[in-house]
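Note sheet for the following structure.
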């Protein structure tokens, strides 16, 4: 099983970059995960092929450090299936806590005339 970043441990090695809007971008180092290869594979290997896999430590780190974390990615990247699993494996569901995943289909912007 993969090692996940756990709350309270040393932060993952990578570049943390502040964006223009006060957010944080996480630029991972090469994890060695590859999306190449076909045929039979274990469930863990299939999970590693999803694009979100290389960001798992960053996501766990940012959830620990920030009250709100918004993840944006392509359809099929593993956001709604893998991130809740990463959180559960890191202990976020212990003690009766629940993990939820919302999926807005579009971002509405309210514009007002002054």
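Residue numbers (the numbering used here): 725 to 838. Positions of the beta carbon are idealized from the N, C-alpha and C atoms, including for glycine.
- Under three-state DSSP, which class holds residue 774? For the purposes of this step, residue 774 is taken as residue 50 along the chain shown, with counting starting at 1. Residue 774 falls in the coil class under three-state DSSP.
- Task: Give a yes or no on whether the C-beta atoms belonging to residue 816 and residue 807 are separated by under 8 Å.
- Result: For the purposes of this step, residue 816 is taken as residue 92 along the chain shown, with counting starting at 1. For the purposes of this step, residue 807 is taken as residue 83 along the chain shown, with counting starting at 1. No, the Cβ-Cβ distance between residue 816 and residue 807 is not below 8 Å.
- Item | Buried or exposed by the 16-neighbour rule on C-beta atoms within 10 Å, applied to residue 783 | Translated into the one-based positions of the chain shown, residue 783 becomes position 59. So residue 783 ends up on the buried side.
- Please work out which residues of its chain come closer than 6 Å, Cβ to Cβ, to residue 865, disregarding the five sequence neighbours upstream and downstream, and give them in chain order. Residue 865 falls outside the range modelled here, since the chain spans only 725 to 838, and no answer is possible.
- Item | Three-state secondary structure assigned by DSSP to residue 794 | Taking the chain shown and counting its residues from 1, the one referred to as residue 794 is at position 70. In this structure, residue 794 counts as coil in the three-state DSSP scheme.
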